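UniProt numbering numbers the first residue of the sequence shown as 1 and each following residue consecutively.
Where is the CB? At the ideal position from N, CA and C, for every residue including glycine.
The structure displayed is predicted, hence computed values, not measured ones.
Inspection log for the structure reproduced underneath, given as structure tokens.
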Amino acid sequence: MAIPERFSNLPEYAFPRLRALLSGIEPGLAAGEAPVVLTIGEPRHPMPDFLAEVMAANIGGFAKYPANEGTPGLLSAIGDWLGSRYGLDVAPDRIMALNGTREGLFNAALALCPERKKGQRPAILIPNPFYQVYAVAAAAVQADPVFVPATPETGNLPDYMALPPDLLDRTAIAYLCSPANPQGAIADRDYLEQLIALADRHDFLIFADECYSEIWRDAPPPGALAVATEMGLADRVVIFNSLSKRSNLPGLRSGFAAGSAASMAQIRRLRAYAGAPLSLPAQAVSEAAWRDESHVAASRALYQQKYRIADRVLGNVPGYRPIQGGFFLWLPVEDGEEAARTLWARAGIQVLPGAYLSREVDGHNPGRGFIRVALVADADATEPALQRLRAVLYDETTGGEG
């Protein structure tokens, strides 16, 4: 049976491409050194130690079918967190528990993207580079994906406001990630206000991917739903968040979506037929995690320590931009693939070429001149790894100054 063209045209996912790129290259390691993998955004800080007891106390829940949209306790915990974090009052019917944000970011497009808009095929706006599920969602609903550069020239955020009015008129959804993956940029209140007003003028939805919202340098990033609510335009935004980064629980696959009652009713309706609800023990663990902030603050302090290490080691590299949020370095290089091969061959360090997170538009891939480096290891492992990375990629151009 033929594979639908809309999926067969998708490029190979980033990590298989990286394995092929490095195939046959022996890692260059000095005596006593071990390979360092800085590719995948998998948190390695300790998960909250109190959750094992919660899981044990609720183990019998594996014998029951779970609540599809989330247990009352979990929805209440998420609502309370939205209140304490953003000052929002979000009723349970405006929240849905997810198997991680990737599920929601995909299924929300299925539920909320119209087949036609203004009599035309709809468009979905995607920052470039981006989290790859955005493009797959656009393909699934047969919308036109519009990849909008998010580069140093635009503050590493997409300048949706500069797009032509006729394109915006047929836009159904605009994806936004803040703090951004991979660049670590934060959409400030002014940016969010402009984007929300634009969505209202042109009648489209904003899908705000905020899964890195609790990892930041100086101050907590503003939330898109909070800003939209203050503007009286809460129906323009659906937010997505999870415990993967906030609580170092990527294997739990637990997140949520929140938005207007109308949007969530549509997403819940689809989920009833095609979703995969969290098990009851996982929902109990999630509830406990959302109700505790002490472990979040401790983990954030560890990331802030690594921000300072990166600034110290790489701060004078031309084009280096300090991370504002999240845990990825987005480092300028001549060519990302060549840099990745060189780092593996000479220092035993794996990084991800930026082009694997971007799409070529008009002959230009905005990620080609970058590598993504995940600061997920502890500080003791991060500093020597960055020193080795600097020595291989930059010291000839920076004069070796640290």
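Which term fits Asn9, buried or exposed, when burial requires 16 or more other beta carbons within 10 angstroms of its beta carbon? As a first step, residue 9 must be located in the sequence shown, where it is residue number 9. By the neighbour-count rule (16 or more Cβ atoms within 10 Å), Asn9 is not buried but exposed.
With the cut-off set at 7 Å, would you say Gly184 and Gly326 are in Cβ contact? The residue labelled residue 184 in the question sits at position 184 within the sequence shown. The residue labelled residue 326 in the question sits at position 326 within the sequence shown. Yes; because the gap between Cβ atoms is below 7 Å, this pair is in contact.
Alpha-carbon to alpha-carbon, Glu293 and Ile267: Translated into positions along the sequence shown, residue 267 becomes position 267. Translated into positions along the sequence shown, residue 293 becomes position 293. When rounded, the distance between both Cα atoms is 29 Å.
Does the beta-carbon of Val376 have 16 or more other beta-carbons within 10 angstroms, so that it is buried, or is it exposed? Locating residue 376 in the sequence shown gives position 376, where the first residue counts as 1. So Val376 ends up on the buried side.
Tell me Phe147's beta-bridge partners as DSSP assigns them. Here residue 147 refers to the residue found at position 147 when the sequence shown is read from its first residue. For Phe147, which the question treats as bridged, DSSP gives the partners Ile126.
Can you tell me the Cα-Cα spacing of Leu75 and Val133, whole angstroms? Position 75 of the sequence shown, counted from the start, is the residue given in the question as residue 75. Position 133 of the sequence shown, counted from the start, is the residue given in the question as residue 133. Each residue's Cα considered, the two are about 25 Å apart.
Reducing DSSP to helix, strand and coil, say where Ala226 ends up. Residue mapping note: residue 226 aligns to position 226 of the sequence shown, counting from 1. In this structure, Ala226 counts as helix in the three-state DSSP scheme.
Report the rounded CA-to-CA distance for Asp188 versus Leu195, giving the unit in angstroms. The residue labelled residue 188 in the question sits at position 188 within the sequence shown. The residue labelled residue 195 in the question sits at position 195 within the sequence shown. Looking at the two C-alpha atoms, the distance is approximately 11 Å.
Given a cut-off of 7 Å, decide if Pro353 and Gly336 are closer than it, judged by their beta-carbon atoms. One-based indexing of the sequence shown puts residue 336 at position 336. One-based indexing of the sequence shown puts residue 353 at position 353. Against a cut-off of 7 Å, the Cβ pair of Pro353 and Gly336 comes out as a contact.
Ala108 to Ile95, Cα distance in whole Å? Translated into positions along the sequence shown, residue 108 becomes position 108. Translated into positions along the sequence shown, residue 95 becomes position 95. Whole-angstrom Cα-Cα distance: 13 Å.
Extent of the continuous beta strand (DSSP E) to which Val373 belongs: For the purposes of this step, residue 373 is identified with residue 373 of the sequence shown, where counting begins at 1. From DSSP, the beta strand (DSSP E) with Val373 extends over Phe370 to Ala374.
From this set, Tyr356, Glu338, Gly315 and Ile349, which residue's C-alpha is nearest Asp395's C-alpha? Counting from one through the sequence shown, the residue named residue 395 turns up at place 395. The option with the nearest alpha carbon to Asp395 is Gly315.
Going by DSSP, what residue range makes up the alpha helix (DSSP H) through Tyr191? Against the sequence shown, residue 191 aligns to sequence position 191. From DSSP, the alpha helix (DSSP H) with Tyr191 extends over Arg189 to His202.
Three-state secondary structure (DSSP) of Asp395: Stepping through the sequence shown from its first residue, residue 395 is reached at position 395. Helix.
How many Å lie between Arg17 and Tyr356 at the Cα? For the purposes of this step, residue 17 is identified with residue 17 of the sequence shown, where counting begins at 1. For the purposes of this step, residue 356 is identified with residue 356 of the sequence shown, where counting begins at 1. So the two alpha carbons sit approximately 8 Å from each other.
Given this structure, state the Cα-to-Cα distance separating Pro11 from Leu22, to the nearest angstrom. Walking along the sequence shown from the start, residue 11 turns up at place 11. Walking along the sequence shown from the start, residue 22 turns up at place 22. Spanning the two alpha carbons is a distance of roughly 18 Å.
Using a Cβ-Cβ cutoff of less than 6 Å, which residues in the same chain neighbour Trp290 once the five nearest sequence positions on both sides are dropped? Counting from 1 along the sequence shown, the entry for residue 290 is found at position 290. The residues are Ala77, Ile78 and Trp81.
What are the residues that DSSP puts in a beta bridge with Ile59? By 1-based counting over the sequence shown, the position of residue 59 is 59. According to DSSP, which records beta bridges pairwise, Ile59 is partnered with nothing at all.
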